[in-house]
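Asks:
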Amino acid sequence: MSRTHVTTTVNGERREFLCEPQQSLLDVLRDELQLTGTKEGCATGDCGACSVMLDDRLVCSCLVLGVEAEAKSIDTIEGIATDEGLHPLQEKFLEHAALQCGVCTPGFIVAAKALLDQNPDPDEQQIRYWLAGNLCRCTGYDKIIRAVQDAAQTMRGEAS
Amino acid sequence: MQSFAYAAPETVEQVIAVLQEHSQAGKPAQILAGGTDLLVQIRSVDGSARTIVDVKKLPETNRLEIGASEIYVGAAIPGAVLTANTDLKARLPGLVEAIDLIGSTQIQGRASLGGNLCNASPAGDTIPALIANAGRCQIAGPAGTRELPVEEFVTGVGTNALGEGELLLGICFTPPAARTSDAYLRFIPRTEMDIAVAGAGVSVTLDEKGICTAARVSICAVAPTVLLVPAAADALIGTSLDDEALAAAGAACTAASSPISDKRGTAEYRRKVVAVLCKRAAGIAAERARGSH
Amino acid sequence: MARVFIPDHLASVTDNVREVEVMASTFRELVQKLDERFPGAAEAIMGKVAVAIDGDIIHDPFLDPLEADSEVHFLHRIEGG
Amino acid sequence: MSEALDTREYKVIGSRVVRPDGIDKVTGRAAFGADLNLPGMLLGVVLRSPHAHARIKSIDTSKAQAMDGVYAVITGADFPNASETEDPALSANVMAREKVLYHGHAVAAVAATSMAIANAAAAAIEVDYEPLKPVLSLDEAMADGATIIDEQLRTAGADEASDTPTNVAQFMRLDRGDVEQGFAEADVIVEGEFATPTVHQGYIEPHACVATINEGGQANVWCSTQGHFDVRSLAAKVLKINVADLRVTASEIGGGFGGKTTIYLEPVAIVMSGKARRPVKMTMTREEVFRASGPASATKSRIKIGAKSDGTLTAMQAWIGYEAGAFPGGPLAPGLMCVFAPYNAPNFLIEGVDVLVNKPKVAAYRAPGAPQAMYAGECMMDELARKLKIDPIDLRILNAVEEGSTATYGPKFKAIGFKACLEAAKAHPNYTRQLAEGEGRGIAAGFWFNAGMQSSAEVHVNENGTVTVIEGNPDIGGSRASMALMAAEELGIPYEQIRVIVADTESAGYTNVTGGSRVTFATGMAVIQASRDIITQLKERAAATWGIEEELVEWEDGHAVPKPGVNADVQPLSLADIAGNAGRTGGPILGRASLNARGAGPGFSVNLADVKIDRETGKVDVTRFTAIQDAGKAIHPSYVEGQMQGGAAQGIGWALNEEYIYDADGVMENAGFLDYRVPVASDLPMIDTQIIEIPNPTHPYGVRGVGETPIVAPLAAVANAVRDATGIRISELPLSPPRVLEALDAAEE
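Protein chains in written order, with the working numbering: chain A, 189 to 348; chain B, 149 to 441; chain C, 98 to 178; chain D, 12 to 760.
Spelled out as structure tokens, the structure:
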């Protein structure tokens with residue numbers, strides 16, 4: 189099978205990989221680039237565990253072809269903490285115990301960051317609907333919603 | 149053994165050429181826009197090799213124009229872009245509602261209006277909204293471009309009117325006249341993430357006295373294809389869109405449907421609920437039309 | 098004497114006797130004495146059922162001590178999810 | 012003892028610390044089952060049965076074997092005979108032999124250099140089946156002349172032994188008093204029949220493992236499991252290998268809820284690794300998880316309850332049938348033991364059966380058997396309250412078990428929190444909050460035994476006085492934090508100075524599964540004992556340092572100090588001081604404990620659900636939900652609340668939309684998260700929690716298990732709320748829109 193050469197930017201770094209035309213971006217991230225923080229829960233776009241940013245837009249990486257990453261910019265869970273430390277969402281997920289098993293957590297954090305980057309002050313319903321494509325089976329979502337609300341408040345510079 | 153291939157042409161002519169070449173050689177090719185249906189199909193339904201022809205690099209499939217005489221929505225524009233467009237939302241709120249209902253935020257980042265239409269699911273959410281707004285498909289092919297009303301585009305479960313070498317470029321609408329608006333409602337068991345059990349798109353035009361002078365009603369997931377229901381429109385036209393008229397339109401939708409029972413709902417349930425959705429959507433469209441100029 | 102309650106699923110072993118009193122200082126001894134009175138009891142109990150001794154459920158009882166007035170109930174084993 | 016505990020003040024127990032494994036889980040570093048890649052690793056796939064019931068006439072793997080990149084193709088013939096293993100059902104479930112017993116049953120497997128090749132090779136395996144009639148429901152399985160799934164099966168526990176083949180694997184009965192007499196004494200009797208569907212745990216991480224085995228038969232398995240020691244013993248049984256030759260490392264686990272207490276892929280990967288002489292990784296697709304892992308039993312039940320007009324129960328009767336799937340082993344016993352466990356019933360008769368059907372072999376799902384049983388029981392308690400015109404909480408308080416009450420399953424309860432939960436519910440503002448038009452409110456009780464069982468722990472003191480706890484329970488929901496809190500409490504050192512390692516089967520002492528709500532209770536007890544072992548040693552080291560008798564040393568706030576009145580001119584020694592000097596006082600300091608924990612404290616709960624109903628579509632929305640539960644002692648309250656909220660969400664899903672939908676051939680039609688509808692974020696309200704703390708007298712801190720009880724009450728709480736809102740008792744789950752609308756329309760006619 190012929191493999192296609194793809195040049196892309198992942199978490200701000202130029203990366204190259206070879207992939208088969210039908211291979212998903214999720215498989216490429218996990219298997220070719222060894223970025224296993226992005227998880228596979230369903231491979232059909234129904235669980236959100238594989239959420240990444242593709243040119244600053246939230247997508248399920250299981251529903252993107254690896255070849256489509258050519259000349260695009262991809263941001264994954266591995267790129268969310270910075271030299272300054274954890275992102276406020278990561279801090280608040282820990283503080284609020286917004287994870288139990290933790291396998292859905294990378295997807296939730298990527299998706300919630302996409303929300304807060306475009307809407308710094310979402311209400312509970314906006315958060316719930318934005319995150320409706322991220323399944324969590326452990327928490328009942330309560331603590332996740334609170335963590336996102338609290339992170340938003342922190343990012344707005346308000347005391348929590 | 150045929151293997152998978154990927155092509156991302158940058159002109160419509162190149163797309164047509166690739167499609168024709170494959171067709172003549174008897175090799176399968178399939179158009180990729182957002183991929184939210186295609187990739188699932190490859191993974192879970194039919195994993196056979198094919199050439200995937202990405203149409204997202206074409207200017208024609210990415211153009212969004214909201215003009216005084218025409219609205220044009222490129223076929224490959226992701227839902228997230230369309231739902232964020234306040235101008236489009238002001239003109240065709242029901243259509244934007246329908247787009248917004250497709251899948252999660254993540255799906256919205258990829259799924260396109262053209263893909264939803266070409267996929268031709270009986271439950272495709274945007275199709276009733278497109279039909280209610282009298283959308284016209286702009287199709288390019290070896291013989292040039294042609295236009296086709298959306299209700300004629302879908303030919304069956306998962307099949308459409310695209311011929312050999314053809315692709316959907318976008319959808320055109322005549323901007324709604326004064327006191328015209330639309331709405332789309334669907335029913336799902338959860339609040340998000342489901343496929344419509346039934347859906348109804350309604351567009352109404354009112355005169356200065358609030359009497360309905362024109363209407364289009366389209367329903368989904370209650371027949372092999374999305375239906376335009378003239379009888380439901382007739383029940384609305386000439387009325388003030390009072391409860392009785394809305395109920396009559398709903399009843400006409402029930403009468404027009406021929407649903408199946410499946411994992412998403414029983415036939416009996418769908419027949420009942422499509423009436424409720426039509427009634428409610430018509431009510432919302434009427435409210436909007438009363439408030440628009 | 099420990100009061101020993103026999104559940105329905107062990108009643109066939111004890112000829113439908115549903116409550117007996119046994120003098121024993123450990124669970125092992127209790128089962129030995131039951132087996133003397135109801136041959137086959139040890140086979141049906143040991144390593145197969147859980148026990149509650151004075152309200153404490155023990156998954157795999159053996160050496161567990163009994164008081165003079167202990168209440169002993171045999172139970173199906175429960176593990177959970 | 013419990014009274015003394017009530018007033019005990021803790022230094023760190025009960026605080027909401029950040030879990031030690033947290034940063035790795037919010038940054039994507041944590042390695043779950045599918046995240047390990049080894050050099051030269053092959054990818055394995057399973058070929059699964061397209062029939063729900065069929066005889067395998069032949070399997071031809073030659074085409075698959077011949078394909079480039081294929082390193083191993085195996086079938087049931089590559090495993091020891093199932094009947095010669097210690098667990099024939101498990102063995103036959105892992106890989107079918109003569110018959111396939113459900114759609115999705117493993118028939119063969121392939122390991123190859125890529126998924127594409129492995130899938131192509133699996134598709135090239137030719138299996139000749141003789142399709143048989145599938146048995147798809149309890150009623151069908153128990154009907155006269157039913158197709159027999161296993162000719163060898165006889166009913167265990169039957170009153171009269173029979174040699175007739177049957178699909179009924181087990182009969183069970185619990186009884187006390189004279190139930191007929193009890194009904195004769197009743198002023199009011201309510202009766203009802205109920206049904207619940209097959210549902211799935213729905214953990215987000217599919218099953219995954221990586222296996223290697225060398226020429227000497229020494230195998231390593233990395234896998235997502237609730238219990239790696241169980242993987243070791245179960246895989247060793249299926250493969251008839253020595254447990255000493257099998258080392259199992261538990262990856263981080265992406266949810267289990269009971270579904271990861273058994274094995275599916277692991278023996279298959281080991282056998283293929285042996286053939287290929289390379290590591291083999293196997294992961295299930297989501298579709299395989301639904302079709303071929305272990306869901307929870309569908310049930311049918313009949314309940315009858317009699318009471319005096321003042322509400323005093325006189326008799327309770329239940330019959331509950333559990334679908335076991337293709338092999339015996341549904342949660343019949345716990346279900347029957349739970350159904351009326353919260354109540355004092357002078358007379359009761361509880362019977363049930365475990366029945367084979369051609370569906371996947373069921374596995375544990377959070378309080379296995381209890382949600383189905385107590386859904387039926389608590390719906391009928393609601394009907395009884397309505398008929399008696401008594402407040403449903405008052406009715407339950409009147410009949411509630413308490414310390415000294417005899418449980419329906421036999422023993423007397425020690426201190427329990429059921430009445431405390433009921434009283435908290437009665438006093439809760441959500442119980443008296445005004446309902447909006449069209450809303451309804453339901454209440455229900457939940458119960459689970461909680462388990463003890465075997466655990467081990469080691470506590471190592473590092474040279475700088477920090478501490479490493481080594482234990483053997485995969486951390487599925489924050490247990491590392493709980494273990495560290497308990498060690499910190501005992502040792503008197505800061506939580507941050509403790510690290511917790513979940514070690515593999517060769518590095519930790521034997522430990523039963525992360526399940527049965529047992530980890531904080533039983534493994535926690537081992538950690539406490541191991542910490543106390545350390546303290547004894549620390550006192551010895553301090554005494555040796557000071558040159559005084561050991562009995563003269565006390566351990567206080569992380570320091571060795573002379574007992575009051577001891578005439579020794581010494582400074583207190585911190586843990587770090589003693590650790591730094593350990594080489595001179597006898598070498599490294601390590602404590603250990605192993606135990607078979609007895610006396611797990613039963614967990615009770617009360618849930619309140621408010622629902623709103625769209626009468627034109629039948630859609631039910633849960634608008635408010637309140638979970639009240641006795642935790643004994645909440646070591647980490649956030650994670651206790653999390654269990655309560657997560658269980659509530661799963662229970663709400665079970666009540667409203669989750670179900671396996673089968674076609675007439677026994678093929679599941681909704682094997683994906685699109686149509687197997689677990690609740691999404693926008694489906695649920697915030698879930699209010701109230702933790703009650705009635706200490707379990709057998710645990711040093713009073714801990715009860717908390718993980719399973721939360722899923723028990725929501726089914727009936729929601730169903731009772733729908734009953735309240737509509738006036739109609741719908742006796743089958745899920746309360747999906749078509750079912751609710753049909754009931755509403757029927758009531759109107």
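Virtual Cβ for every residue (Gly too), placed ideally from N, Cα, C.
State the start and end residues of the unbroken alpha helix (DSSP H) segment that holds L347 (chain D).
Replies: From DSSP, the alpha helix (DSSP H) with L347 (chain D) extends over 343–349.
Asks: Within its chain, find whatever has a CB closer than 8 Å to the CB of Q314 (chain A); leave out the 5 residues flanking it on each side and keep chain order.
Replies: L303, N307.
Asks: Going by alpha carbons, who is nearest to S351 (chain B) out of B:T361, B:I343, B:L206, B:A344?
Replies: Considering only alpha carbons, the answer is B:T361.
Asks: Can you give the beta carbon distance from L395 (chain D) to V199 (chain D), rounded, assuming they're within the 8 Å contact cut?
Replies: Between V199 (chain D) and L395 (chain D) the Cβ distance is about 7 Å, and since that is below 8 Å, they are a contact.
Asks: Among B:A197, B:A395, B:A216, B:P226, whose alpha-carbon lies nearest the alpha-carbon of V247 (chain A)?
Replies: The candidate whose alpha carbon is nearest that of V247 (chain A) is B:P226.
Asks: Quick one: which chain A residues come within Cβ less than 9 Å of K36 (chain D)?
Replies: Within chain A, the residues near K36 (chain D) are F281, L282, L287, C289, G290, V291, T293, P294.
Asks: Helix, strand or coil: how does DSSP classify Y386 (chain D) here?
Replies: Helix, per DSSP.
Asks: Could you say if the region 44–58 of chain D and the region 230–237 of chain A meet the contact criterion of at least three C-beta pairs nearer than 8 Å?
Replies: Flag = no, the region 44–58 of chain D and the region 230–237 of chain A do not touch.
Asks: Using the C-alpha atoms, what's the distance from M697 (chain D) back to L16 (chain D)?
Replies: Here L16 (chain D) scores only 43 on pLDDT, less than 50, and its place in the model should not be relied on; the value that follows carries that caveat. Each residue's alpha carbon lies about 32 Å from the other.
Asks: Could you please tell me which residues of the region 162–188 of chain B, in chain order, have their CB closer than 7 Å to any CB of chain A?
Replies: Residues passing the 7 Å Cβ filter: G183, T184, L187, V188.
Asks: Less than 8 Å separating the beta-carbons of K237 (chain B) and A224 (chain B)?
Replies: No, these two residues do not count as a Cβ contact at 8 Å.
Asks: Do the CB positions of A133 (chain D) and V121 (chain D) come within less than 8 Å of each other?
Replies: Taking 8 Å as the Cβ cut-off, A133 (chain D) and V121 (chain D) qualify as a contacting pair.
Asks: Does the region 250–265 of chain A come into contact with the region 241–257 of chain D, if we say contact requires no fewer than three beta-carbon pairs (one atom in each stretch) closer than 8 Å?
Replies: Taking 8 Å as the limit for Cβ pairs, the verdict is that the region 241–257 of chain D does not touch the region 250–265 of chain A.
Asks: Taking C-beta to C-beta, are S122 (chain C) and L163 (chain C) nearer than 8 Å?
Replies: Yes.
Asks: Out of curiosity, what's the CA-to-CA distance linking N778 (chain D) and H570 (chain D)?
Replies: This structure gives no information on residue 778 (chain D), because the portion of chain D shown stretches from 12 to 760.
Asks: Are the C-beta of A15 (chain D) and some C-beta of chain A separated by less than 8 Å?
Replies: Any reading at A15 (chain D) must be qualified, since the residue scores a pLDDT of 39, below 50, and its modelled position is unreliable; the value itself is stated next. Not an interface residue.
Asks: Give me the Cα-Cα distance between I663 (chain D) and P371 (chain D), rounded to the nearest whole angstrom.
Replies: Approximately 23 Å, taken between the alpha carbons.
Asks: Name the one or two DSSP bridge partners that C360 (chain B) has.
Replies: Its beta-bridge partners are B:L354.
Asks: For E500 (chain D) and K22 (chain D), what's the separation of their Cα atoms in angstroms?
Replies: E500 (chain D) and K22 (chain D): Cα-Cα distance of roughly 6 Å.
Asks: Can you check whether the C-beta of N607 (chain D) is within less than 8 Å of a C-beta belonging to chain C?
Replies: Closer than 8 Å: yes.
Asks: So, helix, strand or coil for V111 (chain D), using DSSP?
Replies: Looking at V111 (chain D) - three-state DSSP - the assignment turns out to be strand.
Asks: Got a sec, what are the start and stop residues for the beta strand (DSSP E) I255 (chain B) sits in?
Replies: From DSSP, I255 (chain B) is part of no beta strand (DSSP E) but of the alpha helix (DSSP H) over 253–256.
Asks: Going by DSSP, what residue range makes up the beta strand (DSSP E) through V651 (chain D)?
Replies: No beta strand (DSSP E) contains V651 (chain D), which is instead part of the alpha helix (DSSP H) from 648–667.
Asks: Say whether chain D places a C-beta atom closer than 8 Å to the C-beta of A165 (chain C).
Replies: Answer no: the Cβ-Cβ gap between A165 (chain C) and chain D never drops below 8 Å.
Asks: Mind checking which residues open and close the beta strand (DSSP E) that includes T328 (chain B)?
Replies: Residues 328–335.
Asks: Reducing DSSP to helix, strand and coil, say where E258 (chain A) ends up.
Replies: Three-state result, E258 (chain A): coil.
Asks: How long is the line joining the alpha carbons of C238 (chain A) and E220 (chain A), rounded to whole angstroms?
Replies: In a straight line, the C-alpha of C238 (chain A) is about 15 Å away from that of E220 (chain A).
Asks: Please determine, among D:Q548, D:T637, D:L496, D:Y712, the residue with the shortest C-alpha to C-alpha distance to S26 (chain D).
Replies: When each option's Cα is compared against that of S26 (chain D), the closest is D:L496.
Asks: So the alpha helix (DSSP H) H239 (chain D) belongs to, where does it begin and stop?
Replies: That run of the alpha helix (DSSP H) goes 239–250.
Asks: Can you list, in chain order, the residues of its chain with a C-beta nearer than 6 Å to that of P145 (chain D)? Leave out the 5 residues immediately preceding and following it.
Replies: If we look at P145 (chain D) and ignore the five residues flanking it on each side, its Cβ neighbours are A63, H64, N369, G677.
Asks: Anyone know if the C-beta pair for L265 (chain B) and L316 (chain B) falls short of 8 Å?
Replies: Cβ distance < 8 Å, so L265 (chain B) and L316 (chain B) count as in contact.
Asks: Name the chain D residues whose beta carbon is nearer than 9 Å to that of F102 (chain C)?
Replies: The contacting residues are G421, P422.
Asks: For the region 297–305 of chain B and the region 390–410 of chain B, state whether three or more C-beta atom pairs, one from each stretch, are separated by less than 8 Å.
Replies: At 8 Å Cβ cutoff, the stretches do not touch.
Asks: C248 (chain A) lies in the beta strand (DSSP E); which residues open and close that run?
Replies: 245–248 is the extent of the beta strand (DSSP E) around C248 (chain A).
Asks: Count the other CB atoms, across all protein chains shown, that sit within 10 Å of the CB of M98 (chain C); report buried if there are 16 or more and exposed otherwise.
Replies: Burial call: exposed.
Asks: Which residues in chain B have a C-beta closer than 8 Å to the C-beta of T628 (chain D)? List them in chain order.
Replies: Under the 8 Å cutoff, chain B gives F335, V421, V424.
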